[in-house]
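So the structure is just underneath, and the comments pick up after that.
There are 2 protein chains.
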Amino acid sequence: MSRETTDIRQEQIKKAVLDIIADEGLQNISTRNLAKRIGLSEGAIFRHFPTKRDIIKGIMDDVANDLIGSLRNIVLKPEKAEDKLFKYLCQNVKYLKENRGITMLLFSEAAHLGDKELKEKLNHILYEQKQFIIKMVKDGIKEGVWDKSVNAEDVAIIYMGIPITFNIEFVLNKNGLNADNFCRRMYTLILKILKN
Amino acid sequence: MSRETTDIRQEQIKKAVLDIIADEGLQNISTRNLAKRIGLSEGAIFRHFPTKRDIIKGIMDDVANDLIGSLRNIVLKPEKAEDKLFKYLCQNVKYLKENRGITMLLFSEAAHLGDKELKEKLNHILYEQKQFIIKMVKDGIKEGVWDKSVNAEDVAIIYMGIPITFNIEFVLNKNGLNADNFCRRMYTLILKILKN
DNA sequence: TACGTTAGTAAGTAAGTGATTACAACATTA
DNA sequence: TAATGTTGTAATCACTTACTTACTAACGTA
Numbered sequence: 002m003s004r005e006t007t008d009i010r011q012e013q014i015k016k017a018v019l020d021i022i023a024d025e026g027l028q029n030i031s032t033r034n035l036a037k038r039i040g041l042s043e044g045a046i047f048r049h050f051p052t053k054r055d056i057i058k059g060i061m062d063d064v065a066n067d068l069i070g071s072l073r074n075i076v077l078k079p080e081k082a083e084d085k086l087f088k089y090l091c092q093n094v095k096y097l098k099e100n101r102g103i104t105m106l107l108f109s110e111a112a113h114l115g116d117k118e119l120k121e122k123l124n125h126i127l128y129e130q131k132q133f134i135i136k137m138v139k140d141g142i143k144e145g146v147w148d149k150s151v152n153a154e155d156v157a158i159i160y161m162g163i164p165i166t167f168n169i170e171f172v173l174n175k176n177g178l179n180a181d182n183f184c185r186r187m188y189t190l191i192l193k194i195l196k197n
Numbered sequence: 002m003s004r005e006t007t008d009i010r011q012e013q014i015k016k017a018v019l020d021i022i023a024d025e026g027l028q029n030i031s032t033r034n035l036a037k038r039i040g041l042s043e044g045a046i047f048r049h050f051p052t053k054r055d056i057i058k059g060i061m062d063d064v065a066n067d068l069i070g071s072l073r074n075i076v077l078k079p080e081k082a083e084d085k086l087f088k089y090l091c092q093n094v095k096y097l098k099e100n101r102g103i104t105m106l107l108f109s110e111a112a113h114l115g116d117k118e119l120k121e122k123l124n125h126i127l128y129e130q131k132q133f134i135i136k137m138v139k140d141g142i143k144e145g146v147w148d149k150s151v152n153a154e155d156v157a158i159i160y161m162g163i164p165i166t167f168n169i170e171f172v173l174n175k176n177g178l179n180a181d182n183f184c185r186r187m188y189t190l191i192l193k194i195l196k197n
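Chains as they are written, first to last, in my numbering: chain A, 2 to 197; chain B, 2 to 197.
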């Protein structure tokens with residue numbers, strides 16, 4: 002194999018993990034299989050990451066940056082809360098659809114527990130998302146378009162279930178879900194909760 | 002170890018799986034650890050279940066019977082849709098809280114894919130639950146108390162996220178969730194979607 | 001061109017996995 | 001009571017896991 006820098010190899014390794022999850026399933030992300038997919042020896046993997054757990058950690062950090070970053074952009078834009086919430090939901094669903102492997106990885110780590118640091122990272126990702134929702138709901142209330150008796154945190158909780166359910170449906174029934182259509186329909190329901 | 006019938010051992014083994022998941026994490030349900038927890042040799046496990054996968058299958062069948070059965074009871078009772086939906090949600094959340102291990106097991110199997118039969122079983126469990134919701138929503142519309150322009154299937158989808166989100170929150174943040182309070186708050190939101 | 005650093009390999013390691021074996025002790029029933 | 005089937009054990013199977021070792025080859029730079 003030709004030589005590449007650690008930076009490039011790290012990206013390749015992380016990508017390989019997600020690719021394997023998406024088309025072979027979570028149980029196949031062994032370091033052996035990982036190396037095979039990149040076309041590298043198993044030992045080389047450990048040249049670029051000290052442990053397998055560090056690979057997972059790296060992927061989680063990427064999610065925290067990419068997904069949370071793109072969602073933050075939407076939240077901070079100077080638009081009407083109503084428009085932002087819709088874009089936010091669609092972006093959220095789209096990201097999960099395009100990065101199927103990531104969600105499954107996150108949930109698996111949550112399910113397996115055992116690792117406090119990874120659990121904490123997941124918690125942080127979910128917490129930030131929830132805060133974004135809460136902010137948008139409160140903004141909409143301030144704008145006067147939404148019911149001020151509504152509990153923003155409760156809305157955030159019920160919202161959080163939408164992308165998760167989408168992902169589960171998507172995993173179990175790969176072909177039968179249109180992301181755009183899905184987010185529009187769910188947004189309609191959320192709006193009924195929020196409207197005066 | 003004293004002799005017991007296969008029926009008793011099967012129950013012990015399935016219980017041990019859930020106990021281990023709940024307090025050691027999913028990664029520790031090896032046949033070795035399973036045997037140790039029951040106080041049996043590893044070989045004895047395979048005396049009562051042909052393979053480890055059959056243990057998981059057995060647990061899934063239990064869920065299909067217990068949870069789906071108890072929910073069906075609620076759905077079929079001759080009460081007002083409004084009351085049934087509330088009881089349904091509370092029962093659903095309560096079951097997940099009391100059987101934390103089961104949910105994690107189901108999601109892990111979904112995430113790991115690979116096994117068509119288990120995936121099909123999970124799909125079936127989720128499908129039945131969704132059908133129950135759809136029925137109750139349509140009943141409520143027939144009763145004239147709920148908005149007939151609302152799409153029952155969409156409500157079912159957004160509903161499904163609630164117990165799932167509850168479970169995730171519960172796993173990540175064990176102490177901080179009151180099931181009764183949670184289901185009451187979520188029910189309030191669902192009602193806003195349904196009301197005329 | 002020499003030299004230290006980086007990135008690669010093949011072949012290991014110990015520990016763990018699900019599953020099987022040969023055999024012993026017990027229970028049921030003919 | 002003798003025969004038979006059931007439930008247990010200890011040891012071991014073949015295999016996979018994450019990770020390590022000893023060593024080699026390419027790179028940048030002085």
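Even for Gly, the Cβ is constructed at its ideal location relative to N, Cα and C.
Output needed for residue i: all residues of its chain with C-beta closer than 6 Å, excluding positions within five of it in sequence on either side, in chain order.
i      : result
A:Q11  : H49
A:A23  : R101 and G102
A:E129 : I69
B:A45  : none
B:N93  : P164
A:C91  : C184
A:K196 : none
B:A157 : K131, I134 and I135
Grouping DSSP H, G and I as helix and E and B as strand, with all else coil, what is residue i?
i      : result
B:K196 : strand
A:D181 : helix
A:R186 : helix
A:M161 : helix
B:D148 : coil
B:N100 : coil
B:N168 : helix
Please check the pair residue i and residue j, which I expect to be a contact at CB under 8 Å, by giving their CB distance rounded to whole angstroms.
i      : j      : result
B:E43  : B:T32  : 5 Å
B:S161 : B:K131 : For the record, residue 161 of chain B in the displayed sequence is Met; it is not Ser. Indeed, because the Cβ distance is near 6 Å, the residues count as touching under 8 Å.
A:N34  : B:L173 : A:N34 to B:L173, Cβ: 29 Å. No contact.
A:I14  : A:I57  : Between A:I57 and A:I14 the Cβ distance is about 11 Å, and since that is not below 8 Å, they are no contact.
B:K95  : B:E144 : About 25 Å separates the two Cβ atoms, so there is no contact after all.
B:M187 : A:I159 : 6 Å
A:I194 : A:V151 : 7 Å
A:N168 : A:L97  : 5 Å
B:K122 : B:A65  : 7 Å
Ignore the nearest five residues each way along the sequence and tell me which others in residue i's own chain have a CB closer than 7 Å to its CB.
i      : result
B:E154 : I135
B:K78  : K85
A:E83  : G141 and V146
A:S109 : L27
B:L119 : I57, K58, M61 and E110
B:N29  : I21
A:K149 : I142
B:F198 : Lying before the first or after the last residue shown, residue 198 of chain B is absent from chain B, which here runs from 2 to 197.
So, for residue i: in the same chain, excluding its five sequence neighbours on each side, which residues have a beta-carbon less than 8 Å away from its beta-carbon?
i      : result
A:T1   : Nothing can be reported for residue 1 of chain A: it is not among the residues displayed for chain A, which extend from 2 to 197.
B:Y89  : L72, I75, V76, F133, I134 and M137
A:R38  : A17, D20 and I21
B:R54  : D116 and L119
A:D181 : C91
B:E5   : Q13
B:L107 : M61, V64, L123 and I126
Given 7 Å as the limit, tell me if residue i has its C-beta closer than that to any heavy atom belonging to the ligand NAP.
i     : result
B:A45 : In the structure shown, the ligand NAP is absent, as is every other ligand, since no ligand is present at all.
Give the residues from the segment 23-43 of chain B that approach chain A closer than 9 Å (Cβ to any Cβ), ordered along the chain.
E25, G26, L27, Q28 and N29
Whole alpha helix (DSSP H) runs in the segment 6-94 of chain A with 4 or more residues, listed along the chain?
7-25, 32-39, 43-49 and 53-77
Of the residues that make up the segment 82-103 of chain B, which ones have a beta carbon closer than 8 Å to any beta carbon in chain A?
none
Under 8 Å (Cβ pairs) to chain A, residues found in the segment 122-145 of chain B:
L123, N124 and L127
The segment 158-185 of chain B: positions lying closer than 9 Å to chain A by Cβ
I158, I159, Y160, M161, G162, I163, P164, I165, T166, F167, I169, E170, V172, L173, N174 and F183
Name, going along the chain, the residues of the segment 7-19 of chain B whose beta-carbon falls closer than 7 Å to a beta-carbon of chain A.
none
In chain order, what are the residue ranges of uninterrupted alpha helix (DSSP H) at least 4 long that sit wholly in the segment 102-146 of chain B?
117-144
Could you name the residues of the segment 49-73 of chain A whose beta carbon sits closer than 7 Å to any beta carbon of chain B, in the order they occur along the chain?
none
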